[in-house]
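Numbering (the numbering used here), first residue to last: 49 to 487.
Note that CB positions come from ideal geometry on N, CA and C, so glycine has one too.
All remarks here apply to the structure that follows.
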Amino acid sequence: MIVLPIFGRKIRFMKNFIEELRWRGMLHDVMPGTEELLNSGMTKGYIGFDPTADSLGVGNLVQVMLLLHFQQCGHKPIALVGGATGMVGDPSGKSQERNLLNEEILAHNLACQKAQLEKFLDFNCGEQSAEIVNNYDWFKNFSFLEFIRDVGKHITINYMMAKDSVQKRLDSGMSFTEFSYQLVQGYDFYYLWKHMGISLQMGGSDQWGNIVTGTELIRRKESGEAFALTTPLIKKADGTKFGKTEGGNVWLDAKRTSPYQFYQFWLNAADEDSKNFIRIFTLKTKDEIEALEAEHEKAPHLRLLQKELAKDITIRVHSEKDYNAAIEASEILFGKGTAEALMNLSESDLLSVFDGVPQVEFPKSALDGGINVIDFLVEKTNIFPSRGEARKMIQGGGVLINKGKVESENRNLDSADTIKGKYILAQKGKKNYFLVVLK
RNA sequence: GGGGAGAUACCAGAGUGGCCAAAUGGGACGGACUGUAAAUCCGUUGCGCAAGCUUCGGAGGUUCGAAUCCUCCUCUCCCCA
Numbered sequence: 049m050i051v052l053p054i055f056g057r058k059i060r061f062m063k064n065f066i067e068e069l070r071w072r073g074m075l076h077d078v079m080p081g082t083e084e085l086l087n088s089g090m091t092k093g094y095i096g097f098d099p100t101a102d103s104l105g106v107g108n109l110v111q112v113m114l115l116l117h118f119q120q121c122g123h124k125p126i127a128l129v130g131g132a133t134g135m136v137g138d139p140s141g142k143s144q145e146r147n148l149l150n151e152e153i154l155a156h157n158l159a160c161q162k163a164q165l166e167k168f169l170d171f172n173c174g175e176q177s178a179e180i181v182n183n184y185d186w187f188k189n190f191s192f193l194e195f196i197r198d199v200g201k202h203i204t205i206n207y208m209m210a211k212d213s214v215q216k217r218l219d220s221g222m223s224f225t226e227f228s229y230q231l232v233q234g235y236d237f238y239y240l241w242k243h244m245g246i247s248l249q250m251g252g253s254d255q256w257g258n259i260v261t262g263t264e265l266i267r268r269k270e271s272g273e274a275f276a277l278t279t280p281l282i283k284k285a286d287g288t289k290f291g292k293t294e295g296g297n298v299w300l301d302a303k304r305t306s307p308y309q310f311y312q313f314w315l316n317a318a319d320e321d322s323k324n325f326i327r328i329f330t331l332k333t334k335d336e337i338e339a340l341e342a343e344h345e346k347a348p349h350l351r352l353l354q355k356e357l358a359k360d361i362t363i364r365v366h367s368e369k370d371y372n373a374a375i376e377a378s379e380i381l382f383g384k385g386t387a388e389a390l391m392n393l394s395e396s397d398l399l400s401v402f403d404g405v406p407q408v409e410f411p412k413s414a415l416d417g418g419i420n421v422i423d424f425l426v427e428k429t430n431i432f433p434s435r436g437e438a439r440k441m442i443q444g445g446g447v448l449i450n451k452g453k454v455e456s457e458n459r460n461l462d463s464a465d466t467i468k469g470k471y472i473l474a475q476k477g478k479k480n481y482f483l484v485v486l487k
């Protein structure tokens, strides 16, 4: 969105949101009439977030970016945190009945997610300010009888049964609770439409069914009109699931996924994927992206796209400072001739570089007079489960101490092999680091 | 209730008395190559420096010698009622 001060007041030139999503590859399905609605002026739109964890993951990031693009195009984004829906459990894409979360955990999760959303969206820009709503607010005093009279009456079982999310579970079974989920989410949309003038719900393509139940409810209950739009499921070129690494989910919370690991996640994207990701996860314009792509083609090994992507998103989710630390860490871990650089790191930098790397404690006194590497790696620190394995890997050239290859299994370590007298960095292969802390 | 098949390492799956620490494939890990990618190639994959030790569902037994034969137990699958 471009804001120009003219005659002392701000005039907004809206970008076409649908067009924007289209070239970014973020549009899967859109209900007829949605584009007209958006072009007619500032629109309020919302996306629901499922409070199953106390942090959003990169999988949720698509939706967060969707809201951000929405706001950038001159509209008003609303994030709905599912205090009530979280208690029911969305069956979409789930093959099994879910465990219900208790209220305490839900409240904690909601608060954490809220804090994360606030990093992305502008909550203080006049009428377009983002808002966060919690559907528990309007569900907590809604009685079951009222619900089945006011909401259930308008939607037929036949309609609900036809939903994909229900069909897929017909064989394996599904509780009434999960079956009702679409009505609960549908009512959210109705409530927001009725009381806040929100006429658009967005979400992942798996949410289409639930969203449409909402527009249907609005139509049947009040002959009102509401719209829907979904993003495609993110696919990776190699077919594996987006948002996971060997270590599990990639989270936005620095306590779960360190900024360094987060940065690395994006940096490691395949070339093909990075082209899609940079469109989805950054606000860069089409021209900027195409220029970057052309640049990338000329020298693919520099991985310019991945670097720009990782930079943009790491700064947005964490901070400029965390980004710089991640770069520094990456250079030390993957750069060349870094043994010296490692020794010269300040202690606080060292610790932040190796944040997220397993740490092992080791008695400092045991170094006096030297200790054999294998004893060190196996008996004292359990970096290797057995002596034989450690020995074999040393022979294969896969063990490094302080970035220097261990040439022989007879190598001894003493106080000269420490970093600042306090740490030893052990490496099993290229990627597995262990920071040994001397006590 | 009756009948049959089976249980082997991370997984799948050979092995039916010594040549078995156990084929082969996958996975995992390491190395080379590379772009911290993909593909490919090489190596490792029970413990031990070694002698050797402990492993083939569990417990006993036969034998100089058992994953392999016998007995009992536990569990899984299939077929018929």
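Residue environment, residue i, which counts as buried when at least 16 other CB atoms sit within 10 Å
| i | result |
| --- | --- |
| V298 | buried |
| I196 | exposed |
| R70 | exposed |
| S191 | exposed |
| I337 | buried |
| N150 | exposed |
| V485 | exposed |
| D416 | exposed |
| N189 | exposed |
| I205 | exposed |
| D212 | exposed |
| D370 | buried |
| F488 | Because the chain here runs from 49 to 487, residue 488 falls outside it and cannot be looked at. |
| S228 | buried |
| A464 | exposed |
| L114 | buried |
Length of the line joining the Cα atoms of residue i and residue j
| i | j | result |
| --- | --- | --- |
| E166 | I431 | 40 Å |
| P125 | L116 | 7 Å |
| L350 | A342 | 13 Å |
| T429 | L109 | 38 Å |
| A159 | A318 | 34 Å |
| D335 | R435 | 57 Å |
| D321 | E457 | 42 Å |
| E455 | F171 | 58 Å |
| D98 | T305 | 19 Å |
| T362 | G107 | 15 Å |
| L353 | A339 | 10 Å |
| I326 | E395 | 34 Å |
| Y94 | F290 | 23 Å |
| H123 | K92 | 6 Å |
| G444 | F424 | 18 Å |
| E427 | L461 | 14 Å |
| K201 | L85 | 29 Å |
| I259 | Y235 | 10 Å |
| K303 | P406 | 14 Å |
| G245 | N316 | 42 Å |
| H366 | F168 | 11 Å |
| M209 | D198 | 19 Å |
Contacts around residue i, its chain only, beta-carbon distance under 6 Å, and the 5 residues preceding and following it disregarded
| i | result |
| --- | --- |
| E226 | G137, P139 |
| E83 | I66 |
| G56 | With a pLDDT of only 39 at G56, under 50, the local geometry of the prediction cannot be trusted, and the value read off the model is given with reservation. None. |
| D301 | S103 |
| V447 | M441, V454 |
| V232 | T133, V136 |
| D403 | S306 |
Pick from the options that is closest to residue i, judged by C-alpha positions
| i | options | result |
| --- | --- | --- |
| G89 | K201, L248, G418, S271 | L248 |
| N450 | L483, L69, S413, G436 | L483 |
| I282 | I467, R72, M62 | R72 |
| A408 | Y471, S396, A377, A387 | According to the sequence provided, residue 408 is Val. The question's Ala does not apply to it. Of Y471, S396, A377, A387, the residue nearest in Cα terms is Y471. |
| I180 | A163, E338, C173, L193 | A163 |
| T279 | L75, N64, M62 | L75 |
| G134 | N460, Q161, A414, G257 | Q161 |
| D254 | D465, K412, A276, M113 | A276 |
| N157 | Q230, G105, M222 | G105 |
| A155 | A178, G174, N182, Q176 | N182 |
| S413 | D397, E368, T466 | T466 |
Contacting residues, own chain, Cβ-Cβ under 7 Å from residue i (five flanking each side not counted)
| i | result |
| --- | --- |
| W241 | S247, I266, G272, A274 |
| E68 | H117, C121 |
| R439 | I422, E457 |
| T330 | L357, D360, I361 |
| L238 | Here residue 238 is Tyr; the residue named in the question, Leu, does not match the sequence. Answer for Y238: G262, L265, I266, K269, listed in chain order. |
| M217 | Residue identity differs from the one stated: residue 217 is Arg in this sequence, not Met. Taken in chain order, the residues that qualify are P139. |
Neighbourhood of residue i by C-beta distance below 8 Å, restricted to the same chain and skipping five residues each side
| i | result |
| --- | --- |
| V401 | Y308, A373, E376, A377, I380, L381, L393 |
| K332 | I326, L340, E356, D360 |
Requested in this report: Specify whether the stretch 357-371 and the stretch 304-312 touch according to this definition: at least 3 beta carbon pairs, one from each stretch, less than 8 Å apart.
Outcome: With the cut-off at 8 Å, the stretch 357-371 and the stretch 304-312 touch.
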